[in-house]
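A.B. asks: Heads up: the sequence shown at position 340 corresponds to 340 in UniProt numbering, and the numbers run straight through without jumps.
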Amino acid sequence: RQGYEDPRWQYPAASYREDYAYQSYPWQPVAWQDDRDLRQGEPYGKSTNYQDQHYYRGYHPNLAPTPLGQDRPQTYDHEDRYVSAAQPERAGGETLGNDSGEASGWPQEPSQLLQYRESGLSSSSHELSQYIRDYDPVLSETWSLAQAGGPLASSPAPVKPFKFSLPHVPVCFGAGGQLVLVCPHRPAEGQLAHVELYSLEVVLHDTKELEELQAFPGPLAREDLHKVDVMTFCQEKIATSCDLSTQRGRDSALLWKLLVLLCRQNGSMVGSDTAELLMQDCRRQEKYKRQNPAANLIGLTDDEWMSRQPGTLDLITGEVPPVVETQAQIVEKFTKLLYYGRKKDALVWAMRNHLWGHALFLSSKMDPRTYSWVLTGFTSTLTTNDPLQTLFQLMSGRIPQAALCCGDATWGDWRPHLAVMLSNKVGDMELNHRAIVTMGDTLAGRGAIEAAHFCYLMADIPFGYFGVKADRMALLGSSHRHAFAQFARTEAIQRMEIFEYCQQLRQPKSFLLPFQVYKLVYASRLADYGLPSQAFQYCEQIATALLSQDPASHPILAQQVMKLAERLKLSDPLLLEMPEQDQTLEPDWLVQLRACCREWEVR
1 RQGYEDPRWQ YPAASYREDY AYQSYPWQPV AWQDDRDLRQ GEPYGKSTNY QDQHYYRGYH
61 PNLAPTPLGQ DRPQTYDHED RYVSAAQPER AGGETLGNDS GEASGWPQEP SQLLQYRESG
121 LSSSSHELSQ YIRDYDPVLS ETWSLAQAGG PLASSPAPVK PFKFSLPHVP VCFGAGGQLV
181 LVCPHRPAEG QLAHVELYSL EVVLHDTKEL EELQAFPGPL AREDLHKVDV MTFCQEKIAT
241 SCDLSTQRGR DSALLWKLLV LLCRQNGSMV GSDTAELLMQ DCRRQEKYKR QNPAANLIGL
301 TDDEWMSRQP GTLDLITGEV PPVVETQAQI VEKFTKLLYY GRKKDALVWA MRNHLWGHAL
361 FLSSKMDPRT YSWVLTGFTS TLTTNDPLQT LFQLMSGRIP QAALCCGDAT WGDWRPHLAV
421 MLSNKVGDME LNHRAIVTMG DTLAGRGAIE AAHFCYLMAD IPFGYFGVKA DRMALLGSSH
481 RHAFAQFART EAIQRMEIFE YCQQLRQPKS FLLPFQVYKL VYASRLADYG LPSQAFQYCE
541 QIATALLSQD PASHPILAQQ VMKLAERLKL SDPLLLEMPE QDQTLEPDWL VQLRACCREW
601 EVR
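#1: Any idea what DSSP makes of E325, helix, strand or coil?
#2: Which residue wins for smallest C-alpha separation from S252, given the options C234, C263 and S268?
#3: Grab me the residues of L255's own chain with a C-beta within less than 8 Å of its C-beta, minus the 5 sequence neighbours each way, in chain order.
#4: DSSP three-state call for F162: helix, strand or coil?
#5: Excluding sequence positions up to five away, which residues of its chain have a Cβ less than 7 Å from the Cβ of A403?
#6: If contact is defined by three or more beta carbon pairs under 8 Å, each pair taking one atom from either stretch, is the region 349-364 in contact with the region 375-383?
#7: Is E196 helix, strand or coil when you go by DSSP?
#8: Determine the extent of the beta strand (DSSP E) in which G174 is found, giving its start and end residues.
#9: Quick check on this structure: which residue in A350, D367, I542 and A448 has the alpha carbon closest to the alpha carbon of Q592?
#10: Just confirm the distance between the C-beta atoms of L564 and C597, as a whole number of angstroms; I'd bet it's less than 8 Å.
#11: Does the Cβ-Cβ distance between L394 and P387 come in under 7 Å?
#12: Straight-line CA distance for E586 to G249?
#13: Quick one: is F334 buried, meaning 16 or more other Cβ sit within 10 Å of its Cβ, or exposed?
#14: Looking at C-alpha atoms only, which residue of L200, P167 and K208 is the closest neighbour of A188?
#15: Return the residue from the list K257, R222 and E223 that minimises the CA-CA distance to K237.
#16: So what's L568 in DSSP terms, helix, strand or just coil?
#17: Taking all protein chains shown into account, do 16 or more other C-beta atoms lie within 10 angstroms of the C-beta of R525, making it buried, or fewer, making it exposed?
#18: Ends of the alpha helix (DSSP H) at Q504?
#19: Rounded to the nearest angstrom, how far is the Cβ of F487 from that of E500, given a contact under 8 Å?
#20: Identify whether residue 612 lies in helix, strand or coil by the three-state DSSP scheme.
#21: Is S380 helix, strand or coil by DSSP?
#22: Suppose the cutoff is 6 Å on Cβ atoms and the five residues either side in sequence are ignored; what does the same chain contact list for A275 look like?
#23: Return the chain-ordered list of same chain residues with a C-beta closer than 6 Å to the C-beta of S272, the five sequence neighbours on each side being excluded.
#24: Cβ of P573 within 7 Å of Cβ of S533?
#25: DSSP beta-bridge partners for residue 637?
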């Protein structure tokens with residue numbers, strides 16, 4: 001452009017050197033004096049330079065002076081949009097010029113706005129005035145008055161740029177399970193406004209999540225529900241969702257079968273019922289092999305044990321015993337040893353030939369140490385994972401080894417051990433309770449959550465909360481040590497609601513207070529998938545449970561239930577049966593819940 005090659009540009013103007021302290025530095029571009037003066041509302045000083053106006057006057061049509069009151073045509077393009085098209089004027093109508101600069105003999109300086117544009121920076125008021133002139137001619141007049149010191153200079157109109165440069169489609173989700181779309185029409189140009197409503201239940205009809213929600217017969221507290229529907233749902237879950245070829249699938253199926261049993265028996269059961277269920281669910285009946293008692297347990301060394309095997313001379317009777325002895329011959333020899341008063345040898349003979357009844361009875365009539373010795377020899381013939389070992393250890397007043405080692409692949413199935421503990425409770429109920437809880441902790445530590453929760457249910461462990469990691473259970477069959485999205489799965493919430501329903505079959509007014517927050521999560525999912533009427537019924541159940549207690553104990557839950565219910569109250573099926581003048585009325589439980597929330601806020 002012209003002017004940049006003019007040698008006079010390399011000299012600073014005298015007025016700038018007088019007004020700003022730049023004597024020790026080369027000349028630098030400075031802020032426009034008119035910007036500073038206009039912001040402060042002060043008149044222009046005589047030393048103000050506007051060389052750029054005269055410089056561009058002959059090269060840009062928008063910068064040519066025009067009489068007052070006459071609109072100036074704007075012919076600038078995008079490249080020159082930052083150049084001012086309206087020159088500020090004095091109060092007396094004079095156009096500000098650069099007479100002082102020309103009189104001083106100093107060369108004209110380039111436009112400060114041009115320097116800002118070339119350097120990539122942005123000027124202040126002049127650039128914004130051009131932006132307003134481009135997009136809103138009405139606001140541009142207000143801006144010109146403000147720059148000229150007019151009556152609106154003290155309070156300029158706020159300017160907010162458009163968020164979208166072109167019409168677009170706004171989308172939102174309605175509380176009634178609807179998707180709302182506003183089409184990009186222009187009503188100002190005569191086009192009719194067009195709004196489209198879609199049902200989310202129809203939009204999401206082929207999704208797995210919606211099918212899972214629709215298959216559940218909830219809410220389960222309604223009067224028209226029969227428990228056969230709940231049992232059928234559990235059996236369908238076993239058939240479709242449980243992979244019986246895996247250990248976790250069998251454990252999950254066991255929980256569903258337990259819910260079927262509770263539902264069939266109205267929430268009550270005994271240990272033998274559970275034991276029968278456990279043994280039915282066993283994949284196969286394991287054959288636990290018996291083994292000979294250890295030689296050192298019956299007081300014989302290995303050589304002495306071999307010397308007393310069949311086919312060797314018996315030093316007591318002087319006879320050679322047959323290689324294969326019948327049961328009668330074994331008992332006869334036991335009797336002969338007692339003839340000679342050899343009770344210790346008779347016990348050894350009975351233990352070696354598995355006459356444990358004879359050995360235990362005889363040792364019980366002797367000293368306690370001998371009885372304990374024979375009893376230890378008997379238990380040593382059982383394998384470590386034999387359920388009889390579990391029962392005998394429990395009867396001996398110890399935590400069974402199965403409770404500490406179950407869940408391991410080398411150990412075997414855990415179900416027979418729990419069955420034998422549930423069906424044969426010893427006198428010390430605290431010991432039995434601790435053994436079952438220990439087994440559940442062991443299974444949970446190995447990742448068998450469903451199996452662990454089955455044990456916890458047998459031990460009557462209460463349900464806790466997601467945030468309290470010390471609690472053993474929060475949702476039936478789901479670990480609360482996982483992330484919330486993985487923990488609060490729809491299947492886990494449905495399974496938990498069935499368990500609560502089984503408890504209500506035994507005690508109609510009972511409910512699980514920690515479970516109410518997950519009902520609210522489930523109700524929100526129903527509303528999100530276009531099922532608002534079911535979601536509103538869940539809100540009613542939660543509110544009824546909270547109102548039966550003190551809602552102030554769970555204020556956040558009560559407020560969230562109230563907010564969701566207020567959004568869904570028009571989806572109540574009862575409104576269709578009411579007269580039109582009564583459809584504005586709210587349910588009593590919602591009014592009471594709102595009053596409790598307000599009372600809590602006041603307190």
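C-beta: ideal position from N, C-alpha, C; glycine also.
C.D. replies: According to the data block:
#1: coil
#2: C234
#3: E450, H453, F454, L476, G477 and R495
#4: coil
#5: A435, T438, M439 and T442
#6: yes
#7: strand
#8: V171 to G174
#9: I542
#10: With a Cβ gap of about 13 Å, L564 and C597 do not count as contacting.
#11: no
#12: 46 Å
#13: buried
#14: P167
#15: K257
#16: helix
#17: buried
#18: T490 to R506
#19: No, F487 and E500 are not in contact; Cβ-Cβ is about 18 Å, not under 8 Å.
#20: The question about residue 612 has no answer here: the residues shown for the chain are numbered 1 through 603.
#21: coil
#22: A419, L422 and S423
#23: S423
#24: yes
#25: No answer is possible for residue 637: it lies beyond the span of the chain, which begins at 1 and ends at 603.
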